[in-house]
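Asker: Just so you know, we're using the numbering used here here: the sequence shown kicks off at 925 and counts up by one.
Okay, here's the structure, questions in a sec.
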Amino acid sequence: MSRLGRKPVPIPAGVEVKVADRVVSVKGPLGRLEWTLAPGLAVAVADGQAKASRAADDPRSRALHGLAWAELNNMIVGVTKGYERTLEITGVGYKAQVQGRDISLSVGYTHPVVFTLPAGVEAKVEKQTVIMIKGIDKRKVGQAAADLRGIKPPDVYKQKGIRYAGEVLRKKEGKTGK
925 MSRLGRKPVP IPAGVEVKVA DRVVSVKGPL GRLEWTLAPG LAVAVADGQA KASRAADDPR
985 SRALHGLAWA ELNNMIVGVT KGYERTLEIT GVGYKAQVQG RDISLSVGYT HPVVFTLPAG
1045 VEAKVEKQTV IMIKGIDKRK VGQAAADLRG IKPPDVYKQK GIRYAGEVLR KKEGKTGK
């Protein structure tokens, strides 16, 4: 039994949750998100709370029950507060620039790497070495941050590259000379 799935999700003032044809839509001050429920799941909205429920008690339904709760909670937080990931660029001459929907990265390659942001995600560059990614969809923000980090992951020896803010890296020792 999903322990979180049993708890109702509180709906703050200014947020509207609707369920129609197994599509849950959440509308708030920052925007609107939609999610399709898996078969065998239902969401009921009453008294300023949303509660996920399931029809069967098989392992798949139990797992999806918790997923439905988490997805609903993430959507409500997204349309009220939004999500943000911060990336840091470390390395001599490494920098980033935002040009509309594109981020141009100079990270040690012979050419600048251009990354196009997905719809619903915004980016801001501070001091040319800090990238802040914002949006209302937690999945899109996290995936955009992971894709950016994947362009130049931190090196284990010199730790140059793109990393999440606050990420602790393990540094390897280089070869010892004779």
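We treat Cβ as the ideally placed atom computed from N, Cα and C, and that holds for glycine.
#1: Of all the options Lys1099, Gly1074, Glu1097 and Pro1078, which has the alpha carbon lying nearest to the alpha carbon of Glu1091?
#2: In three-state DSSP terms, what is Leu928?
#3: Name the DSSP bridge partner or partners of Arg956?
#4: Our contact map puts Ile1060 next to Val1003 with C-beta atoms below 8 Å; I'd like the distance itself, whole angstroms only.
#5: Are the beta-carbon atoms belonging to Lys1019 and Thr1040 less than 8 Å from one another?
#6: Taking the beta strand (DSSP E) that Arg1087 belongs to, which residues open and close that run?
#7: Output needed for Trp959: all residues of its chain with C-beta closer than 7 Å, excluding positions within five of it in sequence on either side, in chain order.
#8: In whole angstroms, what separates the C-alpha of Ile1075 from that of Gly1098?
#9: By how many angstroms is the C-alpha of Pro936 removed from the C-alpha of Met925?
#10: Could you give the residue range of the alpha helix (DSSP H) that holds Gly1074?
#11: Here's the rule I'm using: 16 or more other beta-carbon atoms within 10 Å means buried, otherwise exposed. How should Val1016 be labelled?
#12: Sorted by chain position, which residues of the same chain lie with C-beta nearer than 6 Å to Ser977's C-beta, five sequence neighbours on each side aside?
#13: Below 8 Å on the Cβ atoms is my guess for Val933 versus Ala970; work out the distance and round it to an integer in Å.
#14: Tell me the rounded alpha-carbon separation between Lys942 and Val950.
#15: Look up Glu1008 in the DSSP assignment and give the residues it is bridged to.
#16: Of all the options Asp945, Val1038, His989 and Lys1064, which has the alpha carbon lying nearest to the alpha carbon of Glu1046?
Answerer: If we stick to the structure as given:
#1: Locating residue 1091 in the sequence shown gives position 167, counting from the first residue. Looking only at Lys1099, Gly1074, Glu1097 and Pro1078, the smallest Cα-Cα distance to Glu1091 is reached by Pro1078.
#2: Looking up residue 928 in the sequence shown gives position 4. Here DSSP, grouped into helix, strand and coil, assigns Leu928 to helix.
#3: For the purposes of this step, residue 956 is taken as the residue at position 32 of the sequence shown. In DSSP, Arg956 forms a bridge with Lys951.
#4: As a first step, residue 1060 is located in the sequence shown; it is residue number 136 there, counting from the start. As a first step, residue 1003 is located in the sequence shown; it is residue number 79 there, counting from the start. Contact flag correct, Cβ pair sits at about 6 Å.
#5: Within the sequence shown, the letter at position 95 stands for residue 1019. Within the sequence shown, the letter at position 116 stands for residue 1040. Not closer than 8 Å, so no.
#6: Stepping through the sequence shown from its first residue, residue 1087 is reached at position 163. Arg1087: member of the beta strand (DSSP E) spanning Gly1085 to Tyr1088, first to last residue.
#7: Within the sequence shown, residue 959 is the residue found at index 35, counting from 1. Around Trp959: Val948, Glu995 and Met999.
#8: The count along the sequence shown starts at 1 and reaches residue 1075 at position 151. The count along the sequence shown starts at 1 and reaches residue 1098 at position 174. Computed Cα separation, rounded: 24 Å.
#9: Working through the sequence shown from its first residue, we reach residue 925 at position 1. Working through the sequence shown from its first residue, we reach residue 936 at position 12. Because Met925 carries a pLDDT of 46, less than 50, the predicted location of this residue cannot be relied on, and no value is offered for it.
#10: As a first step, residue 1074 must be located in the sequence shown, where it is residue number 150. Taken as a continuous stretch (DSSP letters only), the alpha helix (DSSP H) holding Gly1074 covers Lys1062 to Ile1075.
#11: Position 92 of the sequence shown holds residue 1016. Classification of Val1016: exposed, given that the 10 Å Cβ count is below 16.
#12: By one-based count along the sequence shown, residue 977 stands at place 53. For Ser977, the CB contacts under 6 Å within the same chain, skipping 5 residues up- and downstream, are Ala966 in chain order.
#13: On the sequence shown, residue 933 is found 9 positions in, with the first residue counted as 1. On the sequence shown, residue 970 is found 46 positions in, with the first residue counted as 1. Contact flag wrong, Cβ pair sits at about 12 Å.
#14: Translated into positions along the sequence shown, residue 942 becomes position 18. Translated into positions along the sequence shown, residue 950 becomes position 26. Roughly 7 Å between the two C-alpha positions.
#15: Here residue 1008 corresponds to residue number 84 of the sequence shown, with the count starting at 1. When beta bridges are read from the DSSP output, Glu1008 appears opposite Lys1058.
#16: Looking up residue 1046 in the sequence shown gives position 122. Measuring from the Cα of Glu1046, the nearest candidate turns out to be Lys1064.
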